[in-house]
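What follows is a short report on a single structure.
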Amino acid sequence: MALIQIRHAIRDAIAEEMARDERVFLMGEEVGHYNGAYKCSEGLLERFGERRVLDTPIAETGFAGVGIGAAMCGLRPIVEFMTFNFSAVAFDQILNNAAKIRHMTNGQFSVPIVFRGPNAAAHMLGSTHSQAFEPFYAHVPGLIVIAVATAYDAKGLLKSAIRDENPVVFLESELMYSVKGEVPEEEYLIPIGKADIKRPGKDVTVITWGQGVPVALRSAELAAAEGIDAEVIDLRTLRPMDTEAVLTSVRKTNRAVVLFHGWPYGGVGCEVIAQIQEQAFDDLDAPVLRVCYEDVPMPYAENLENLVLPTAERGLAAIRAVTYRR
Amino acid sequence: MALIQIRHAIRDAIAEEMARDERVFLMGEEVGHYNGAYKCSEGLLERFGERRVLDTPIAETGFAGVGIGAAMCGLRPIVEFMTFNFSAVAFDQILNNAAKIRHMTNGQFSVPIVFRGPNAAAHMLGSTHSQAFEPFYAHVPGLIVIAVATAYDAKGLLKSAIRDENPVVFLESELMYSVKGEVPEEEYLIPIGKADIKRPGKDVTVITWGQGVPVALRSAELAAAEGIDAEVIDLRTLRPMDTEAVLTSVRKTNRAVVLFHGWPYGGVGCEVIAQIQEQAFDDLDAPVLRVCYEDVPMPYAENLENLVLPTAERGLAAIRAVTYRR
Amino acid sequence: MVLPCAGPMTSHASEPVAPGDDNAHFGSKEDNLRWYREMLRIRRFEESAAQAYTRGKISGFLHLYIGQEAIAVATKELLQPHDQVVAAYRTHGFAIAFGSAPGACMAELYGKATGLVGGIGGSMHFFDRKHQLWGGYAIVGNHVPVAAGHAFAAKYRGESGVTLCFLGDGAVAIGPTHEGWTLAGLWKLPIVYVVENNLYSMGTPLSRSIPVEDITLKAAGYNMARERFQVTSVAETKARLGEAMRLAREESRPVLVELITYRFRGHSMSDPGKYRDKDEVEAWRRSDPMERTMQALRRLHGISEEELEAIDEEVIAEMDEAVRFAEESPAPAPEARFHNILAES
Amino acid sequence: MVLPCAGPMTSHASEPVAPGDDNAHFGSKEDNLRWYREMLRIRRFEESAAQAYTRGKISGFLHLYIGQEAIAVATKELLQPHDQVVAAYRTHGFAIAFGSAPGACMAELYGKATGLVGGIGGSMHFFDRKHQLWGGYAIVGNHVPVAAGHAFAAKYRGESGVTLCFLGDGAVAIGPTHEGWTLAGLWKLPIVYVVENNLYSMGTPLSRSIPVEDITLKAAGYNMARERFQVTSVAETKARLGEAMRLAREESRPVLVELITYRFRGHSMSDPGKYRDKDEVEAWRRSDPMERTMQALRRLHGISEEELEAIDEEVIAEMDEAVRFAEESPAPAPEARFHNILAES
Ligand SMILES: Cc1ncc(C[n+]2csc(CCOP(=O)(O)OP(=O)(O)O)c2C)c(N)n1
Ligand SMILES: Cc1ncc(C[n+]2csc(CCOP(=O)(O)OP(=O)(O)O)c2C)c(N)n1
Ligand SMILES: [Mg+2]
Ligand SMILES: [Mg+2]
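In structure tokens:
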């Protein structure tokens, strides 16, 4: 196993799939000559050339649309949003074209495309640059939505996403690009739609994904120090959700906390809660709690940002609450 | 009291506010010479002239942005989206400008604007034209989101929305524009943020809004015929949500169903569920169930559309389930 | 020094060309007979659809192509096997011209299982891949970058196909159109963007939707070649659009074509069209390409009233049959609503 | 016949103008002294910010205005009381030139309560309403229609104010820009759109972001007047931009101005700028308007090295004081994160 940064796991996934399949190409702002704003495509232009690694103008709707049109012709575009905040200007392309073309054409066309890039807050980027987009995309039938938190998952799931016939929204994390993790030398794929138990436990289930994962794991450590054994489930695929994995855990622990980077209202966190209370109502010994952003646009100032973000301590407080400690 | 159509309640609200306040103006596609695609602005151009009733090109981002810029200068724009489906191309303006400018400028500017138009499915318009947008907007701090279901509410809430200092997303319903309701002759306002009990009851709480309201009321009638007394709560304001009204009812009935027009995953329905289970956990005798669209893009064919939509019968089935009848 | 803009705005009131008896605009007898029949097929299809709508058989939005038929007919004859056509929601005419079965088209409007897209899409979402009609897009302008993507794919693969992307005059103001044109120009994509300028977007005349009357004034800003004319005949449309396609194909560069045309019906079935007066519509009727082709058949080629009648009867029979097919077709199976949402991997 | 587009694409490699000793480009001694000092204030502010960033005092994205100062300085002198300036995220220079306290600007970068927007916005979201800087927008192009809205409001109210909207060359490709320009042209709004073409959007040269080299070729398509020149001095910039503003103000019409300029630093602090070679940067340094103004002060007005030194020392002291102010200012109160999300009614 090699220990590599998540950004390199992503780059390697792209490189392997491009080498394997001539139809795969990468486009986005600064992905080529600049090697990616966050260096997730380092060396790819040099290796694959301008035909397959395309720098785009700042025209997210335009290049998302070009990607969709190319995918309809059988190519397999990987479209990088420099950050998912900028996907807001391409929202209609994803909502009304990527997600609906297979349906709308009664299966005459498919749209095998991956939209990827960093999601949610980084560090002191202010309100327009700190948003979590999974609530907007996971809501939409016709899309697959993935969020990754380790190098291993990033590589294995991105390769699956590129090979998938469906449009995939693939959420990464600027804060975590430098985090290292073990990745096998040999090729592997991770199936879409499967959650992963990142830490087994028996007292309480913490459901999380993306940037929430390391926070949840730290919360679990803090809880362990107090004798509470938390199970941490990383959803990995947000749509379709691996509800079975969540329910299996909750039926065992009878308590759950959802911890994630993003605003509270609606979204993936609430979907998890709705599923648990609907399908494991009699197993629940406490309400499911959310630990996430406060319900405010992200402020720039460091002290304020830290107050808004979910922390291991806030995770611990929720774990204590649902286990009725203190 | 006069019996008028919802479209006329909307028109009257606009006309009264325009007459009252020179800063109020209306813009959107076909709102002027055409009198509105759904005739919600009939006669307004004639009465107020081209300066204050503006036909726009098909450029939702452009005219939403112009509205936002004008609101920052102290005008009070009413921006009509011909349907909210077309707000997807203006998503960034609403998410990153309307919702954040007050915050981002530390209060130097406010954005008193109303974005209004029909929302959710009408009849056989296909997947791109049948979407419910409240999950996308209610998620976002900085916005107020309202959905109306009666002429009385439409007029009273639209007037409040126009006078409010904040950006308001005001969701109407193409299916319901012709529905008549009683509206007082004298002026009145309905406060933003207050739910309304559309039918009192004691056995089960049905939470709903917008196009869901008449469906929920019919479900309640069907339930009444079986001896189940359902309370129907119309949220009216989706953000900020009147959680107290919901909890008060659920604490009485101990059972709840959320019935709405829209996809299931996340969104307002799940927020209601998350709030109830979090704050009234011990009062709940059954899981809260959702009755809404099936999780598919809307098909055009009438028989399929009817299967996808929430119906009074599906509402009844959920009411039965949470009251453990059959 | 501030320069005045190159093309100052002139009066917006487009007047129909009165083409007189310019025989050069017409083709051979065979051409004109074929074109006439094809235009008539579209028109009769649309009229049948309108009737079915009035009888409550069709629902939703129904946008008719009556008046613009010559464009679809000319386009059909220019298509090579690897070309594709992408359009908005006023697409029945393309389907009929390109060879989609009228029965399947009508069944789509009826929301039947035998429809072009299984009754899932309706009037606004026509797709017939094998007949080169690649949509069928109902959000104004959002197909413009998608079409650039098709052209991109052809270039990526080194194929010779050209994409033809049709949009309305109303779609020129919207951002996705601009972005699609920008990428097409930047990457020198083999695509022809055809603005069907029928002078109105719903009830809004061009003078209230963009700041210039000549849409092709925009071409320079995208490094596109340009072409602009009023559609008065299939012959001329075919020749000039064909030249644009040649340029796109041979030089791999985008071309912007503005076709001035007119729709005789309202925007959709629910539009009474009060924003245009009778005189205006009448003036345009006099340059209706289908009508003019019929006159040419009479005057230039000596086709008799009876022969014209016979053509019409055949076409009407074809469309009656399409209606019967649609009526008798089954609704989609209930499970169909769960199909084609995701591909099964 | 397909016409070639009016302005065919020429070479994209913009070369800096070598302005020689054209004295006409300079102002009086007083002007040049004032302009020099103002440009220097901006530059020293930016350098202080860069240092603070390197010391870890400032975080997030920090986009410096070094090289483009003459534009902000010229703009300041053209503003009338009801005018407003809307810009993107490279706005420190405007704030400093317009009269915002450098301390408040620096404190904003530090995320302090005393910052221009209370530490809530940071570098990318500068707003100083009373000094006519109305943003500070960090999503490329989304301020373009908003700025049109300000111009709309002025026209609606019959006020004489003009809106100046600055955008980068990188913002020309995006849809919201197109829609804002379309509405400005259609409604004849009193607005000047100024593209600060510094040849790059991040690492992307103009040749890879739009299909034409001369951005003002687009003006015709929006019925905008146009102007284009390289910024080599405050004097010329002020004269030509002033003329554009006059046109917007007096004739209530939009004007598109392209200013060719250069940023000497990377796109943001995290950009090493590897996409440009030293020679290119050096060539542009020779036509740096600030440097040239200094030369003019020396050569035309006989200002001594000592006098120049003294100015610099004053300016440095001002910026040191700004840094001290920022350092010593308190962080925002914890409750501040709940403020200004909704107005209390
Ligand atoms: C983004 C968006 N906004 C609004 C609409 C509603 N709408 C549908 S068609 C239309 C008019 C389009 O006119 P034009 O492009 O000229 O095409 P034509 O109908 O004349 O063929 C409008 C406003 C839409 N479908 N999409
Ligand atoms: C819609 C959107 N896409 C991408 C970005 C990321 N981004 C920020 S600045 C920038 C480059 C802009 O260049 P330009 O407009 O030329 O301005 P300059 O930096 O040269 O002043 C990019 C790509 C963004 N902020 N918004
Ligand atoms: Mg039109
Ligand atoms: Mg630039």
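Chains as they are written, first to last, in this note's numbering: chain A, 1 to 326; chain B, 327 to 652; chain C, 653 to 997; chain D, 998 to 1342.
Ideal Cβ positions, reconstructed from N, Cα and C, are used throughout, including at glycine.
Where C/S922 falls, given that 16 or more other Cβ within 10 Å makes a residue buried: Looking at its Cβ environment, which holds fewer than 16 other Cβ atoms inside 10 Å, C/S922 is exposed.
Between the segment 772-795 of chain C and chain B, which residues of the former have CB atoms less than 9 angstroms from a CB of the latter, in chain order? Under the 9 angstroms Cβ criterion, the segment 772-795 of chain C contributes I772, G773, G774, S775, M776, H777, Y789, A790, I791, V792, G793 and N794.
Out of B/R377, B/V392, B/A328 and B/G641, which one is the CA nearest neighbour of B/T534? If we check each option's Cα against that of B/T534, B/G641 comes out closest.
With 7 angstroms as the C-beta to C-beta threshold (strictly closer), list the residues of the segment 825-837 of chain C near chain A in chain order. Cβ contacts with chain A come from G827, P828, E831, G832, T834 and L835.
Under 7 angstroms: does the beta carbon of B/Y619 sit that close to some heavy atom of ligand 4? Because no heavy atom of ligand 4 lies under 7 angstroms away, the Cβ of B/Y619 does not count as near it: no.
Using the Cβ count rule (16 or more neighbours within 10 Å means buried), how would you classify A/H261? Label assigned to A/H261: buried.
Where does C/H744 land, buried or exposed, given buried means 16+ other C-beta within 10 angstroms? C/H744 should be labelled buried.
Which of helix, strand or coil DSSP assigns to C/T945: Shown here, C/T945 sits in a helix according to DSSP, grouped into three states.
Beta-carbon spacing of A/I14, A/L3 below 8 angstroms: Taking C-beta atoms as the reference points, A/I14 and A/L3 fail to come closer than 8 angstroms.
Which term fits C/S680, buried or exposed, when burial requires 16 or more other beta carbons within 10 angstroms of its beta carbon? Counting the other CB atoms within 10 Å of its CB gives C/S680 a total below 16, which places it among the exposed residues.
Between the segment 430-443 of chain B and the segment 389-408 of chain B, can you find at least three pairs of beta-carbon atoms closer than 8 angstroms? Enough Cβ pairs lie closer than 8 angstroms, so yes.
Using beta carbons (cut-off 8 angstroms, strictly below), is A/L289 in contact with chain B? Between A/L289 and chain B, the shortest Cβ-Cβ separation is below 8 angstroms.
Quick check on D/S1206 - is its C-beta less than 8 angstroms from some C-beta in chain A? In terms of beta-carbon proximity, D/S1206 lines the interface with chain A, with at least one pair separated by less than 8 angstroms.
Chain D contact for B/M344 (CB, 8 angstroms cutoff): So, not an interface residue.
Counting only beta-carbon atoms, is C/I993 nearer than 8 angstroms to chain F? No chain F appears in this structure, whose protein chains are A, B, C and D.
Buried/exposed call for C/K782, threshold 16 Cβ in 10 Å: Counting the other Cβ atoms within 10 Å of the Cβ of C/K782 gives fewer than 16, which makes it exposed.
Would you give the residue range spanned by the beta strand (DSSP E) that B/I523 belongs to? Element bounds for B/I523: D522 to R525.
Counted within 10 angstroms of its Cβ, other Cβ atoms place C/H810 as buried (16 or more) or exposed: According to the sequence displayed, residue 810 of chain C carries Gly and not His. The residue in question, C/G810, is exposed, as its Cβ has fewer than 16 Cβ neighbours within 10 Å.
So does the segment 802-817 of chain C actually touch the segment 771-779 of chain C, counting three or more Cβ pairs closer than 8 angstroms? Touching, no, given that fewer than three Cβ pairs across the two stretches are closer than 8 angstroms.
Hey, is C/P986's beta-carbon within less than 8 angstroms of any beta-carbon in chain A? Residue-level contact by beta carbon fails for C/P986 and chain A, as no gap is shorter than 8 angstroms.
Check the Cβ-Cβ distances between A/P141 and every residue of chain D, and say whether any is below 8 angstroms. Cβ-Cβ to chain D under 8 angstroms: no for A/P141.
Return yes when at least one heavy atom of ligand 2 lies under 7 angstroms from the C-beta of A/M298, else no. A/M298 Cβ: outside cutoff for every heavy atom of ligand 2.
Compute the minimum distance between the beta carbon of C/V791 and the heavy atoms of ligand 1, and state whether it is under 7 angstroms. It should be pointed out that residue 791 of chain C corresponds to Ile in this sequence rather than to Val. The answer is yes for C/I791.
Three-state secondary structure (DSSP) of B/A425: Coil, per DSSP.
Using beta carbons (cut-off 8 angstroms, strictly below), is D/T1344 in contact with chain A? The question about residue 1344 of chain D has no answer here: the residues shown for chain D are numbered 998 through 1342.
CA nearest to the CA of D/I1313, picked from D/K1271, D/F1042 and D/L1030: Cα-wise, what sits closest to D/I1313 is D/F1042.
Supposed contact pair B/L421 and A/A88 - C-beta distance, whole angstroms, cut 8 angstroms: Right, the Cβ-Cβ distance comes to about 5 angstroms (below 8 angstroms), so this counts as a contact.
Own chain, CB closer than 7 angstroms to C/E831, minus 5 neighbours either side, in chain order: Listed in chain order, the non-local C-beta contacts of C/E831 below 7 angstroms within the same chain comprise P797, local neighbours out to five positions each way being set aside.
Any chain B beta carbon closer than 8 angstroms to C/A823: So, interface residue.
Who are the neighbours of C/L870 on chain D, taking C-beta pairs under 7 angstroms? Residue 870 of chain C is actually Lys in this sequence, not Leu. The answer, in chain order, is G1218.
Answer yes if the segment 727-741 of chain C comes into contact with the segment 591-611 of chain B, meaning at least three C-beta pairs across the two stretches below 8 angstroms, and no otherwise. The segment 591-611 of chain B, when compared against the segment 727-741 of chain C, does not touch it at the 8 angstroms Cβ threshold.
Against chain A, does D/R1273 count as a neighbour if the rule is that its beta carbon must be under 8 angstroms from one of theirs? So no, D/R1273 is outside the interface.
With distances taken between CB atoms, is the gap from D/A1145 to B/G393 smaller than 8 angstroms? With contacts defined by Cβ atoms closer than 8 angstroms, D/A1145 and B/G393 do not form a contacting pair.
From which residue to which residue does the alpha helix (DSSP H) around C/L730 run? Residues E721 to L730.
Amino acids of chain D, ordered along the chain, whose beta-carbon sits closer than 9 angstroms to that of A/T61: Ordered by position in chain D, the residues that pass the 9 angstroms Cβ test against A/T61 are I1171 and G1172.
Scan the segment 742-770 of chain C for residues whose Cβ lies nearer than 9 angstroms to a Cβ of chain A and list them as they occur along the chain. Within the segment 742-770 of chain C, the residues whose Cβ lies closer than 9 angstroms to some Cβ of chain A are G767, L768, V769 and G770, listed in chain order.
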